[in-house]
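The next block holds one structure in the form of structure tokens; read it before the comments.
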Amino acid sequence: MIRQFTPNWFAATMGTGILALALPQVPGIGPSLKPAGEVLWFFNIALFALFAGLYGARWAMFGHEARRIFGHNTVSMFIGTIPMGLATIINGCLAFGIARFGNGIVPVAHVLWWIDVAMSLACGVLIPYLMFTRHEHSLDGMTAVWLLPVVAAEVAGASGGLLAPHLTDPHAQIAMLATSYVLWAYSVPVAFGILAILILRMALHKLPHESMAASSWLALGPIGTGALGMLVLGADAPAILAAHGLAGVGSVAQGIGVVAGLCLWGFGLWWLALATLITIRYWRAGVPFNLGWWGYTFPLGVYTVATFRLATTLNLGFFGFAGTVLTVALAAMWLLVGAKTLAGAWRGNLFVSPCIATPN
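Residue numbers for the sequence shown follow the numbering used here, so the first one is 32 and each next one is one higher.
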């Protein structure tokens with residue numbers, strides 16, 4: 032198990048964490064669902080700790096083999112799931128931890144966030160560097176997994192937008208706000224460039240192999256996270272920037288956040304419809320289960336959370352209803368993928384490291 036453990040498993044923490052965060056936001060019944068979300072948050076912490084221990088043990092015991100991940104075209108992309116999984120735990124500190132443990136958990140979340148930022152910045156540039164210098168890629172072999180290392184930064188940026196209002200030091204607040212905007216810009220334009228390549232790839236070479244069926248949903252991730260980031264950072268900007276004599280800039284940032292968030296949500300709606308049609312086509316033909324199925328969860332989840340944010344910001348019931356429908360779909364997919372993951376883990380056939388067969 033340890034020798035074959037890969038970062039792909041951290042995608043399960045992303046899906047579990049985003050479901051935990053979405054449940055309390057369902058209009059009307061959110062307070063009733065919050066205990067379930069809190070249980071999922073604690074479960075996610077345990078999962079992340081377990082996976083971190085297993086992956087750390089692999090590096091300690093089989094370091095010469097673990098290093099081969101950097102030469103693998105696909106598995107190396109999943110390094111980005113580690114900081115994204117951690118981000119859901121940080122967000123849970125705010126959604127559940129403050130009520131459970133008090134404001135003393137905020138400094139813990141603050142420290143974890145900067146660790147998450149460092150990991151996101153590193154994998155966001157180092158993995159593409161390896162793609163340019165060591166990997167062998169082709170247009171017909173390209174999939175949406177290229178997004179995973181670069182999207183981590185915007186996930187951290189959105190988390191910063193949620194955390195900043197809870198900080199008591201005005202300088203810490205503006206530092207986090209500025210850093211979060213930088214993280215958004217560090218990631219979103221690159222991700223959209225990859226999406227353009229992905230559209231070209233699918234137009235010229237059609238859909239990827241059935242083993243990559245879930246990758247069609249990954250495109251929804253940077254769009255949903257980008258929308259959420261603009262909305263939360265724009266909401267933070269007026270108060271934080273006004274404290275530093277930039278009230279006018281804060282008002283502009285708030286307006287940009289709402290408009291950009293709404294436009295990105297519309298772009299995401301196109302991808303959501305397309306991914307649904309692609310999934311129906313795949314599932315009719317039969318799709319073998321693998322850990323990539325967790326790709327059905329987090330992108331849908333972050334788009335769902337962005338939908339709820341629009342409902343709150345614009346006070347439009349449509350978005351609340353849409354978010355509720357998406358949450359039901361997210362919960363159903365999490366149950367399906369979780370059950371299949373448990374079965375596969377019990378049988379041991381999910382513990383496979385393709386990078387072991389890849390020479391340095």
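Note that the Cβ used here is the ideal one computed from N, Cα and C, for glycine as well.
Does DSSP classify residue i as helix, strand or coil?
i      : result
GLN35  : coil
SER169 : coil
GLY46  : helix
SER384 : coil
ASP200 : coil
LYS371 : helix
ALA53  : helix
PHE320 : coil
THR105 : coil
LEU366 : helix
LEU238 : coil
PRO58  : coil
GLY224 : helix
GLY326 : helix
Leaving aside the five residues before and after residue i along the sequence, list all residues of the same chain whose C-beta is less than 7 angstroms from its C-beta, in chain order.
i      : result
LEU125 : ALA140, LEU193, LEU194 and HIS197
PRO390 : Residue confidence for PRO390 is low, a pLDDT of 46 falling below 50, so the modelled location carries little weight and cannot support an answer.
TRP302 : ALA250, LEU251 and ILE254
Could you give the residue range of the alpha helix (DSSP H) that holds residue i?
i      : result
LEU85  : 61-92
CYS294 : 278-316
TYR334 : 329-345
LEU125 : Premise fails: LEU125 is in no alpha helix (DSSP H) and is neither H nor E.
MET243 : Segment: none, MET243 is in no alpha helix (DSSP H) and carries neither H nor E.
TRP144 : 136-164
ALA175 : From DSSP, ALA175 is part of no alpha helix (DSSP H); its letter is neither H nor E.
MET261 : 251-273
If you drop the 5 nearest sequence neighbours on each side, which residues of the same chain put their C-beta closer than 6 angstroms to that of residue i?
i      : result
PHE132 : none
ASP171 : HIS236
VAL186 : MET115, ALA118 and THR256
GLU96  : ILE387
THR372 : none
VAL318 : GLU241 and ALA244
ARG89  : ILE33, PHE36 and ALA97
Taking the alpha carbon of residue i as the point to measure from, which residue in the options has its own alpha carbon closest?
i      : options                           : result
SER411 : ALA175, THR256, VAL182 and ILE228 : There is simply no residue 411 to check, as the chain begins at 32 and stops at 391 in what is shown.
LEU413 : PHE101, ALA284 and PRO330         : Residue coverage of the chain in this structure runs from 32 to 391, which leaves residue 413 outside it and unanswerable.
ARG165 : PHE101, LEU152 and ILE136         : PHE101
ALA270 : LEU259, VAL142, PRO38 and VAL283  : VAL283
ALA395 : ASN380, GLY123 and GLY369         : Only positions 32 to 391 of the chain appear in the structure, and residue 395 is not among them; the question remains open.
ALA149 : VAL213, ILE311 and ALA266         : VAL213
MET233 : MET261, SER169 and ALA216         : SER169
THR199 : LEU152, ILE136, LEU264 and PRO58  : ILE136
Spatial neighbours of residue i within its chain, please: CB distance less than 8 angstroms, with the 5 preceding and 5 following residues excluded, ordered by chain position.
i      : result
ALA274 : PRO201, GLN204 and ILE205
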